[in-house]
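Residue 71 is where the sequence shown starts when you use this note's numbering, and the numbers rise one by one after that. First up is the structure itself, then whatever we jot down about it.
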Amino acid sequence: LMTAPARLRTGKMSDYAMHWWTEPLEGHRLLSGLGDTYGFSSCNDVFLDQRLDIIVLENLAVNPDGSFDAAAGVAAAAFRSAFSS
């Protein structure tokens, strides 16, 4: 239940499920937990099929999406590396 996307009153499915975003990244099943407060942000990306968890912690207030962008970059590099052999 905690990771299941919610159905809105309109009947449309949401990409959000009790703190976790569930939208896939480049075809990979992903649970993404984001958080921020004054001057800090975090991202916890869990790629379910690959059993890969990427955690990024930042102490910058400049770009609140920075930790998400960094985690996506690490994931892209990991997937390129895993499939290039």
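Idealized CB from N, CA, C, for every residue including glycine.
Neighbourhood of residue i by C-beta, 7 Å cutoff - its chain only, sequence neighbours within 5 removed
i          : result
residue 95 : 142, 145
Cut-off 6 Å between Cβ atoms - residues of its own chain near residue i, not counting five sequence neighbours on either side
i           : result
residue 120 : none
residue 137 : 111, 112, 113, 126, 128
residue 118 : 99
residue 73  : 87, 90, 101
For residue j and residue i, the rounded distance between their alpha carbons
i           : j           : result
residue 84  : residue 102 : 14 Å
residue 148 : residue 105 : 23 Å
residue 130 : residue 115 : 19 Å
residue 79  : residue 151 : 42 Å
residue 20  : residue 122 : No answer is possible for residue 20: the residues shown for the chain start at 71 and end at 155.
residue 124 : residue 81  : 32 Å
Helix, strand or coil at residue i according to DSSP, with G and I counted as helix
i           : result
residue 139 : helix
residue 150 : helix
residue 87  : strand
Continuous beta strand (DSSP E) stretch holding residue i: start and end
i           : result
residue 96  : Run containing residue 96: none; DSSP gives neither H nor E here.
residue 119 : Residue 119 -> no beta strand (DSSP E), and no H or E assigned at all.
Nonlocal neighbours in the same chain, by C-beta distance under 8 Å from residue i, ignoring five residues either side
i          : result
residue 75 : 83, 84, 85, 86, 87, 92
residue 77 : 83, 84
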